[in-house]
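Single-structure report; data block below.
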Amino acid sequence: IHATKQEMFKEYPGEPSEGLGGWWQPGQNVVHCYDTSATGGSRDELLGTLQHEASHQFMTALCNHGGGWAPAWLNEGTSSFFEGSRILKSGEVLWPEAAIRRLRTLSHFLSNGGGPGVEKVLEFAAPGSYPGEYYCYGWGLMYFMQEYEDPRTLEKVYRPLYSEYRRRITTADKRIPPLPLFKEIFLGSGSPLGHKDLDDFISDWEEWILRSIR
50 IHATKQEMFK EYPGEPSEGL GGWWQPGQNV VHCYDTSATG GSRDELLGTL
100 QHEASHQFMT ALCNHGGGWA PAWLNEGTSS FFEGSRILKS GEVLWPEAAI
150 RRLRTLSHFL SNGGGPGVEK VLEFAAPGSY PGEYYCYGWG LMYFMQEYED
200 PRTLEKVYRP LYSEYRRRIT TADKRIPPLP LFKEIFLGSG SPLGHKDLDD
250 FISDWEEWIL RSIR
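For the sequence shown, the numbering used here begins at 50 and goes up steadily by one.
Given below as structure tokens:
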């Protein structure tokens, strides 16, 4: 944890953007961030960054162990999900609630347009991360996977599918394209909500985000 953003930037391997709050450096097994309270921010911002970047550490370990890879929506979406965690004074870490900054941006895109859309986010297959406007979609998809409840049974019916997707793609011998695997696992006969195609999934997902979570 660097004392200031400027000191943190000195360690960045490249040209950092002003909005960069931290990063995971897999070659050195190190998370970098800075003390946000020193520049008028809150300590919660620092904790959110730590929780986000530390998630990358575990996803990297999964991929290294399994021999596969983690597409950006899975990697960044999972990390963004943990931004909603809260740490008590006792040291206990609470299960994540909605990450408000991600929810606010996603709600704006879904209500007014202008975002990349779910399909572009799911098919993004370039190494590393994706553009900044993609992050809120990754968070929203992951929050749905972890928190959607079947209204009849109150079971979190998408968690097993998320685990299956993560297991399959992080242990594959060769790089699996992320969108076709998503369709195989989350749509069709395996869909908890009977989604036949991606448009069906997106429609229900958007309604859940805007009506239930926002």
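The beta carbon of each residue, even a glycine, is placed where N, CA and C say it ideally should be.
Q. Grouping DSSP H, G and I as helix and E and B as strand, with all else coil, what is V206?
A. Numbered from its first residue, the sequence shown carries residue 206 at position 157. Coil.
Q) Just checking, does the segment 134–150 make contact with the segment 231–250 on the three C-beta pairs under 8 Å criterion? A) no
Q: State the beta-bridge partners of Q74 as determined by DSSP.
A: On the sequence shown, position 25 is the one that residue 74 refers to. Answer by DSSP bridge pairing, in chain order: V79.
Q | Beta-carbon proximity check, W122 vs L171, cutoff 8 Å | A | In the sequence shown, the residue the question calls residue 122 occupies position 73. In the sequence shown, the residue the question calls residue 171 occupies position 122. It is a contact, given that the beta carbons lie within the stated cut-off.
(Q) Give me, in chain order, the residues of the same chain whose beta-carbon lies closer than 7 Å to that of G164; leave out the 5 immediate sequence neighbours on both sides. (A) Taking the sequence shown and counting its residues from 1, one reaches residue 164 at position 115. The answer, listed in chain order, is F158, E182 and Y186.
Q. Once you ignore the five residues that flank G97 on each side, which residues in its own chain have a CB closer than 7 Å to its CB?
A. What you label residue 97 is simply residue 48 of the sequence shown in a count that begins at 1. Around G97: E132.
Q: In angstroms with no decimal places, state the Cα-to-Cα distance between K59 and A52.
A: Counting from one through the sequence shown, the residue named residue 59 turns up at place 10. Counting from one through the sequence shown, the residue named residue 52 turns up at place 3. Their Cα atoms are separated by approximately 12 Å.
(Q) Please identify the residue among G116, R151, W257 and E102 whose C-alpha is closest to the C-alpha of P75. (A) Counting from one through the sequence shown, the residue named residue 75 turns up at place 26. Cα-wise, what sits closest to P75 is E102.
Q: Note down the Cα distance separating K54 from P65, rounded to an integer number of angstroms.
A: Counted from its first residue, the sequence shown places residue 54 at position 5. Counted from its first residue, the sequence shown places residue 65 at position 16. Their Cα atoms are separated by approximately 11 Å.
Q. Thinking just about the alpha-carbon of each residue, which of G115, G68 and W257 is nearest to the one in D199?
A. Position 150 of the sequence shown, counted from the first residue, corresponds to residue 199. The candidate whose alpha carbon is nearest that of D199 is W257.
Q) Mind checking whether D253 and L242 have CB atoms under 8 Å apart? A) Locating residue 253 in the sequence shown gives position 204, where the first residue counts as 1. Locating residue 242 in the sequence shown gives position 193, where the first residue counts as 1. Going by C-beta atoms, D253 is nearer than 8 Å to L242.
(Q) I need the straight-line Cα distance from V35 to Y197, nearest angstrom please. (A) Only positions 50 to 263 of the chain appear in the structure, and residue 35 is not among them; the question remains open.
Q: In angstroms with no decimal places, state the Cα-to-Cα distance between E94 and M191.
A: Here residue 94 refers to the residue found at position 45 of the sequence shown. Here residue 191 refers to the residue found at position 142 of the sequence shown. In a straight line, the C-alpha of E94 is about 20 Å away from that of M191.
Q | Neighbourhood of Q232 by C-beta, 7 Å cutoff - its chain only, sequence neighbours within 5 removed | A | Locating residue 232 in the sequence shown gives position 183, counting from the first residue. Sequence check: residue 232 is Lys here, not Gln. Within the same chain, K232 has close Cβ partners L247.
Q. Which term fits Q100, buried or exposed, when burial requires 16 or more other beta carbons within 10 angstroms of its beta carbon?
A. Position 51 of the sequence shown, counted from the first residue, corresponds to residue 100. Label assigned to Q100: buried.
Q: Give, in chain order, every unbroken run of the alpha helix (DSSP H) that is at least 4 residues long and sits entirely within the segment 156–233.
A: 167–172, 184–196 and 208–219
Q | Distance between W73 and Y83 (C-alpha atoms, nearest Å) | A | Taking the sequence shown and counting its residues from 1, the one referred to as residue 83 is at position 34. Taking the sequence shown and counting its residues from 1, the one referred to as residue 73 is at position 24. So the two alpha carbons sit approximately 13 Å from each other.
Q: Could you check if S128 is buried or exposed, using at least 16 other CB atoms within 10 Å of its CB as the buried criterion?
A: Position 79 of the sequence shown, counted from the first residue, corresponds to residue 128. By the neighbour-count rule (16 or more Cβ atoms within 10 Å), S128 is buried.
Q. Within 10 angstroms of its Cβ, does H244 collect 16 or more other Cβ (buried), or is it exposed?
A. Within the sequence shown, numbered from 1, the residue matching residue 244 stands at position 195. Per the 10 Å Cβ criterion, buried.
**Q.** Among A110, S240 and L152, the one whose alpha carbon lies nearest that of I262
**A.** As a first step, residue 262 must be located in the sequence shown, where it is residue number 213. Taking only the C-alpha atoms, the option nearest I262 is L152.
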